[in-house]
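Written below as structure tokens is the structure these notes are about.
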Ligand SMILES: Nc1ncnc2c1ncn2[C@@H]1O[C@H](COP(=O)(O)OP(=O)(O)OP(=O)(O)O)[C@@H](O)[C@H]1O
Ligand SMILES: [Mg+2]
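In our numbering, the protein residues as written are -10 to 222.
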């Protein structure tokens, strides 16, 4: 069996005494596009927060390329090649666009992503590099958050509700961009409540309900109605 890029086994995670993730099993292979779907509050963001050491893992394991990540923290994820585009984008309002991008490089791994390459991908960021990050529209802020994550040269890009608040035409652009990225070998873990991007982009899915995976499968085996029904169960 080949080693997964990311593998969570039986992960239990807590905020204080609140037991949120209850035995989550999930894997992502190199270059794969995987979605996690689920209703409000089922623990989707807590998966990300566990990898970043914000929620406490007590029980279970996380491996990156077969290597056990015991003490999880933001820098653990980054140094092992995981970059996150957080829910709500988290653009720092007092920093310029360029400063926001440079933040993503603070725990940079060797690789091909540079400021110039991000500006090549998103020319509107280059034009406005000295403006505050929050001067951008929602879609542009999402591109900035993606650019910031790519500055770390990740092998795995995790996006938490990236299509939230975006117009359909921007979601289409995002889909193409993410698809092109995986063609360069980057894997994607897409966390979404809205199924449009999931259906267009992901190859495999996990349905999360109340802190555990209630269903997993290949996207080609389900249609929108089936997936929606599984989420609502
Ligand atoms: N920092 C925190 N401290 C305590 N409880 C939290 C914290 N963050 C989230 N929770 C709780 O943990 C549960 C899971 O939250 P989480 O944010 O992972 O859900 P989600 O699936 O991402 O939801 P959404 O779709 O709204 O983004 C919820 O009951 C939430 O209230
Ligand atoms: Mg969330």
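The C-beta atom is built at its ideal place from N, Cα and C for all residues, glycine as well. Source: prediction; values computed, not measured.
{"Query": "Can you list the residues near ligand 2, meaning Cβ strictly closer than 7 angstroms to any non-hydrogen atom, in the order they appear in the chain?", "Result": "33, 34, 76, 149, 150 and 180"}
{"Query": "Could you give the residue range of the alpha helix (DSSP H) that holds residue 193?", "Result": "It is not in any alpha helix (DSSP H) - residue 193 instead sits in the beta strand (DSSP E) that spans 193 to 198."}
{"Query": "Got a sec? Which residues, its chain only, sit under 6 angstroms from residue 45 by beta carbon, not counting five neighbours each side?", "Result": "3"}
{"Query": "Could I get the ranges of all uninterrupted alpha helix (DSSP H) runs contained in the stretch 5 to 62, with 4 residues as the minimum, in chain order?", "Result": "33 to 40"}
{"Query": "How far does the alpha helix (DSSP H) with residue 150 in it extend, from its first residue to its last?", "Result": "No alpha helix (DSSP H) contains residue 150, which DSSP labels as neither H nor E."}
{"Query": "Who are the near neighbours of residue 79 in its chain, counting only those whose CB is closer than 8 angstroms to its CB and skipping five residues on each side?", "Result": "134"}
{"Query": "Under 7 angstroms: does the beta carbon of residue 182 sit that close to some heavy atom of ligand 1?", "Result": "yes"}
{"Query": "Starting from the Cα of residue -8, find the closest Cα among 41, 30, 51 and 34 and give me that residue.", "Result": "51"}
{"Query": "Using the Cα positions of residue 203 and residue 118, report the straight-line distance between them to the nearest angstrom.", "Result": "44 angstroms"}
{"Query": "Does the stretch 139 to 149 come close enough to the stretch 94 to 107 to have 3 or more Cβ pairs within less than 8 angstroms?", "Result": "yes"}
{"Query": "Residue 143 by DSSP, collapsed to three states: which one?", "Result": "coil"}
{"Query": "Spatial neighbours of residue 19 within its chain, please: CB distance less than 8 angstroms, with the 5 preceding and 5 following residues excluded, ordered by chain position.", "Result": "-6, 144, 174 and 176"}
{"Query": "Can you tell me whether residue 158 is helix, strand or coil according to DSSP?", "Result": "helix"}
{"Query": "Less than 8 angstroms between C-beta atoms, sequence neighbours within five positions excluded: which residues of the same chain meet that for residue 197?", "Result": "13, 25, 26, 27, 31, 32, 33, 36 and 203"}
{"Query": "Quick one: does the C-beta of residue 4 sit closer than 7 angstroms to a heavy atom of ligand 1?", "Result": "yes"}
{"Query": "Excluding the 5 residues preceding and the 5 following residue 11 in the sequence, name in chain order all residues of the same chain whose CB lies nearer than 8 angstroms to its CB.", "Result": "1, 199, 200 and 201"}
{"Query": "Since residue 72 contacts residue 40 with CB under 8 angstroms, what's their CB separation in whole angstroms?", "Result": "Not really, about 11 angstroms apart at Cβ, beyond 8 angstroms."}
{"Query": "Going by the DSSP bridge assignment, what does residue 204 pair with across the sheet?", "Result": "196"}
{"Query": "Answer yes or no: the CB of residue 7 versus the heavy atoms of ligand 1, is any distance below 7 angstroms?", "Result": "yes"}
{"Query": "Is it right to say residue 23 is buried, meaning 16 or more other beta carbons lie within 10 angstroms of its own, or is it exposed?", "Result": "buried"}
{"Query": "CB of residue 74 to nearest heavy atom of ligand 1: below 7 angstroms?", "Result": "no"}
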